[in-house]
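To start, the structure itself, in C-alpha cells.
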Amino acid sequence: PTVSDGDVLVIATLTDAADSVEAEQTVRDLRVAFTDELGDGVALVGGVTATDVDSNDTSIRDRTVIIPIVLVVILLILMLLLRAVLAPVLLILTVVVSFGSALGVSALVFDYVLGFPGADPAVPLYGFVFLVALGVDYNIFLMSRVREESLVHGTRRGILRGLVATGGVITSAGLVLAATFAALGVIPILFLAQLAFIVAFGVLLDTFVVRSLLVPALSYDIGRAIWWPSKLWRRGPEVVGAVHDPRSADLVGATHAEGESQPLSRRALRKKRDSDDG
Numbered sequence: 001p002t003v004s005d006g007d008v009l010v011i012a013t014l015t016d017a018a019d020s021v022e023a024e025q026t027v028r029d030l031r032v033a034f035t036d037e038l039g040d041g042v043a044l045v046g047g048v049t050a051t052d053v054d055s056n057d058t059s060i061r062d063r064t065v066i067i068p069i070v071l072v073v074i075l076l077i078l079m080l081l082l083r084a085v086l087a088p089v090l091l092i093l094t095v096v097v098s099f100g101s102a103l104g105v106s107a108l109v110f111d112y113v114l115g116f117p118g119a120d121p122a123v124p125l126y127g128f129v130f131l132v133a134l135g136v137d138y139n140i141f142l143m144s145r146v147r148e149e150s151l152v153h154g155t156r157r158g159i160l161r162g163l164v165a166t167g168g169v170i171t172s173a174g175l176v177l178a179a180t181f182a183a184l185g186v187i188p189i190l191f192l193a194q195l196a197f198i199v200a201f202g203v204l205l206d207t208f209v210v211r212s213l214l215v216p217a218l219s220y221d222i223g224r225a226i227w228w229p230s231k232l233w234r235r236g237p238e239v240v241g242a243v244h245d246p247r248s249a250d251l252v253g254a255t256h257a258e259g260e261s262q263p264l265s266r267r268a269l270r271k272k273r274d275s276d277d278g
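For the sequence shown, the positions run 1 to 278 when our numbering is used.
Printed below as a string of C-alpha cells:
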C-alpha cells in the first residue's frame with residue numbers, strides 16, 4: 001500500500017476479467033463492505049471496472065428518470081394540440097412500441113447475429129430520444145391533418161383522407177432519415193453502429209407499419225371516441241359530408257338552383273362564387 005497525507009492507496013488485481021459481470025459484482029461487494037466497516041465515503045473503489053459500473057448505473061438512472069418525463073411532456077403537448085385525451089395516449093403507446101421493437105431487434109442482431117456481447121449503456125437513451133422526436137413529428141403531422149379532415153367529413157372518413165394526404169410525405173421523410181442514420185453504421189465504432197441501427201430500423205418501422213397501418217387502423221376502429229373529450233367527440237353521428245373543404249380538390253356538394261345537390265369541381269365552385277359575387 002502507498003500512504004500519502006493520511007490516505008492509503010491499495011492496488012489490487014481482480015481474478016476475473018475487468019469487463020466481466022463477476023468483476024463488476026466484486027466491485028459492488030467491495031464498496032458495500034467498505035461502507036459497512038468504515039462508513040459512507042471513507043473508502044473509494046476505482047479502476048476500469050468501477051468506471052464501467054458507475055457508467056452503467058448512471059445510464060440506468062438517467063433512463064429511469066428521463067424517459068417517463070419526456071413521455072409525459074409529449075403527452076401534454078399532444079393533448080393541447082389535438083384537444084383530446086384518448087388520441088394522444090394512443091400515439092404515445094405506438095411510439096413506445098416502435099422504440100421497444102427497434103431495441104429488441106437491435107439486441108437480437110448485435111448479440112446473436114453479429115456476435116457483439118452487450119451494448120453501450122447510453123445507446124438505449126440516445127435511441128429513445130431520436131426515435132421519439134421523429135415519431136412525434138410524424139404523429140403531429142398525421143393526426144393534425146386527420147383532425148382537420150374529421151371536422152368536415154367525420155372521423156372515419158377523415159382518417160382515410162388524412163392518411164392519403166400525408167402518406168407520401170411521411171414515407172419520403174422516413175426513407176431520407178433512415179438512410180441518413182444508416183450511414184453512421186459504416187463508422188467502426190460500436191456505439192455509433194448500434195445507435196444507427198436502432199434509429200434507422202425504428203424510423204422505417206414507424207414509417208411503414210406504425211404510422212401507415214397501426215395508428216390509422218386503431219383510430220378507425222375506435223371511431224369518434226378517439227377525440228374524447230373534445231367537441232369533435234360530442235358532435236353526434238359521423239358526418240358523411242357534403243360540405244366543401246377548401247383544402248381538397250375532390251368533388252363536393254353544392255346547392256343547385258332547383259334545390260338539388262349537384263357535384264361541382266373546385267373550378268366550377270369558384271366560377272359560381274364569382275358570378276354570385278358579381
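Note that beta-carbon positions come from the ideal geometry of N, C-alpha and C, so glycine has one too.
Every value quoted in this text rests on a predicted model; they were computed, and no experiment measured them.
Going by DSSP, what residue range makes up the alpha helix (DSSP H) through ASP36?
Here residue 36 refers to the residue found at position 36 when the sequence shown is read from its first residue. ASP36 -> alpha helix (DSSP H) spans 21–38.
So if DSSP puts THR2 in a beta bridge, which residue, or which two residues, is it bridged to?
The residue labelled residue 2 in the question sits at position 2 within the sequence shown. Paired residue(s): LEU9.
DSSP-derived helix/strand/coil call for ASP250:
Mapped onto the sequence shown, residue 250 falls at position 250. Annotation note: pLDDT 43 at ASP250 (below 50); position unreliable, coordinate value reported separately. Residue state, collapsed to three classes: coil.
Using the rule of at least 16 other Cβ atoms within 10 Å of the residue's Cβ for burial, across every protein chain shown, is SER212 buried or exposed?
The count along the sequence shown starts at 1 and reaches residue 212 at position 212. So SER212 ends up on the buried side.
I need the straight-line Cα distance from LEU214 to THR94, nearest angstrom please.
Position 214 of the sequence shown, counted from the first residue, corresponds to residue 214. Position 94 of the sequence shown, counted from the first residue, corresponds to residue 94. Looking at the two C-alpha atoms, the distance is approximately 8 angstroms.
Between which two residues does the alpha helix (DSSP H) containing GLY127 stretch?
On the sequence shown, residue 127 is found 127 positions in, with the first residue counted as 1. Unbroken alpha helix (DSSP H) run through GLY127: 123–153.
Taking the straight line between their C-alpha atoms, what separation do you get for ILE226 and VAL176?
Along the sequence shown, one-based indexing puts residue 226 at 226. Along the sequence shown, one-based indexing puts residue 176 at 176. So the two alpha carbons sit approximately 31 angstroms from each other.
Would you grab the beta carbon distance between PHE181 and VAL210 for me? Rounded to a whole angstrom, and I think it's under 8 angstroms.
One-based indexing of the sequence shown puts residue 181 at position 181. One-based indexing of the sequence shown puts residue 210 at position 210. No, PHE181 and VAL210 are not in contact; Cβ-Cβ is about 17 angstroms, not under 8 angstroms.
Put ILE189 into one of helix, strand or coil per three-state DSSP.
Within the sequence shown, the letter at position 189 stands for residue 189. Residue state, collapsed to three classes: coil.
Would GLU37 be called buried (16 or more neighbouring beta carbons within 10 Å of its own) or exposed?
Within the sequence shown, numbered from 1, the residue matching residue 37 stands at position 37. By the neighbour-count rule (16 or more Cβ atoms within 10 Å), GLU37 is not buried but exposed.
Contacts around ALA122, its chain only, beta-carbon distance under 6 angstroms, and the 5 residues preceding and following it disregarded:
Taking the first residue of the sequence shown as 1, we reach residue 122 at position 122. For ALA122, where only same-chain residues beyond five positions count, the Cβ hits under 6 angstroms are SER59.
Pull up the distance between the alpha-carbon of PHE208 and that of VAL169, whole angstroms please.
The sequence position of residue 208 within the sequence shown is 208, counting from 1. The sequence position of residue 169 within the sequence shown is 169, counting from 1. Roughly 12 angstroms between the two C-alpha positions.
With a floor of 4 residues, list each alpha helix (DSSP H) that falls wholly inside the region 28–106, ordered by position along the chain.
48–82
Which same chain residues end up closer than 8 angstroms to VAL89 when comparing Cβ atoms and leaving out the 5 residues on each side of it in sequence?
Here the question's residue 89 lines up with position 89 in the sequence shown. Once the five neighbours on either side are set aside, the close Cβ partners of VAL89 are LEU75.
Report all residues from its chain with a CB closer than 7 angstroms to the CB of ALA200; omit the five preceding and five following residues, and keep chain order.
In the sequence shown, counting from the first residue as 1, residue 200 sits at position 200. Once the five neighbours on either side are set aside, the close Cβ partners of ALA200 are ALA178, PHE181 and ALA182.
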